[in-house]
Amino acid sequence: MRSSNPVFSRRGFSRDNGYAGFNAQQPQAGGPAAGTAPYATNPYATNPYAQDAQLGAPAQAPARPGAMTIDDVVSRTAMTLGTVFVTATLAWFLLPVDPANLGKSYGIGIGAALVAFVFAMIQSFKRKASPALILLYAAFEGVFLGVISNAVSTYVSPGVVPQAVLGTMAVFAGVLIAYKMRWIRVTRRFYGFVMAAALGFVLLMAVNLLFAVFGGGDGLGFRSGGLGILFGVIGIILGACFLALDFKQVEDGVTYGAPREESWLAAFGLTMTLVWIYLEFLRLLSILQGDD
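Just so you know, my numbering puts the end of the sequence shown at 324, numbered straight through with nothing missing.
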């Protein structure tokens, strides 16, 4: 299963005498790469998800030294999210958003976001995980989040940041429980639906941004009022679906004995998805509180 997360979209796990590595893929515009499904070598190849349906999870490959474990993913994710938190906190206190320096603060935040994007793209096209690149991405992403969160909390909706954090944690916990209980079934149909919905969502937001830039105001109104609330909810739901796909990718990596260093990619992808959900919560709660 290819994840919707750009970190995972070029790689997939497969089983061939244990770990067969990440299959390098060629990226396709607007979606995941085509390639051999990770289940192509198992007994259920004619129905890639029949194994899940019959056994509840893919068969566990024999343990091997240096293979990725859930503990590896948890520890790397904690390091990456910890870096985001530390730099966001520093940006909050060291780059205060006040009327006299509002433009400068926004400029720093946007600049940090662009740098984080560059690091993310470099890592996404590398064949191997680079902890340095991933932590640099997390650091600059944290600066952006610190600035934007401070601005929203100061000028739009005081107290909204803790609510957005709690909402993000709740979505993560809820999706994880639902995935472990097999209430969420990550199938090809599920994947295709999520990718189609995500593509439509991103295209609409891009059109709205263009109208806002060239026409002024809020563009087509997708980020304010009733439409803003609707699209905020859709964005959070999509983020939750991305989490389910990422959990599936991590599960496959552990099952098929991916090397330990690939846990950094799992941490990278989960961090990107959680940042997405947090920003959608921040936007949605700001609209809701602004309408009170």
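The beta-carbon is built from N, C-alpha and C at its ideal position, and this holds for glycine as well.
The structure presented is a predicted model; accordingly, all values stated were derived computationally and were not measured.
N- and C-terminal bounds of the alpha helix (DSSP H) containing residue i
i	result
P173	At residue 173 the sequence reads Glu, which differs from the Pro that was named. Looking at the DSSP string, the run of the alpha helix (DSSP H) that includes E173 is 163-187.
K280	257-287
P194	192-212
Residue i classed as buried or exposed, judged by whether at least 16 other C-beta atoms fall within 10 angstroms
i	result
F225	exposed
S107	exposed
L262	exposed
W296	buried
F54	For F54, the predicted structure reports a pLDDT of 39, less than 50, and the residue's modelled location is therefore unreliable. The matter cannot be settled from this model.
G257	exposed
V265	exposed
L242	exposed
G191	exposed
R315	buried
Y71	Residue placement at Y71 cannot be trusted, given a pLDDT of 33 that sits under 50; the coordinates are not used to answer.
F125	exposed
G139	exposed
N79	Low confidence applies here, because N79 scores a pLDDT of 37, under 50, leaving its location unreliable; read the following figure in that light. It counts as exposed.
A144	buried
M201	exposed
M33	Low confidence applies to M33: its pLDDT is 46, below 50, so where it sits in the model is not reliable enough to give any reading.
M213	exposed
Y211	buried
V234	exposed
G141	buried
Y187	exposed
D284	buried
For residue i, the residue or residues it bridges with in DSSP
i	result
A99	P291
Expected contact under 8 angstroms - CB spacing of residue i and residue j to nearest Å
i	j	result
G174	V118	7 angstroms
I309	I268	6 angstroms
L208	F279	7 angstroms
V282	V116	Not confirmed; about 19 angstroms, so no contact.
L165	I180	At roughly 23 angstroms, the Cβ-Cβ gap does not stay under 8 angstroms, so L165 and I180 are not in contact.
L168	T303	So it is not a contact: roughly 12 angstroms between Cβ atoms.
V218	L277	6 angstroms
A120	L177	5 angstroms
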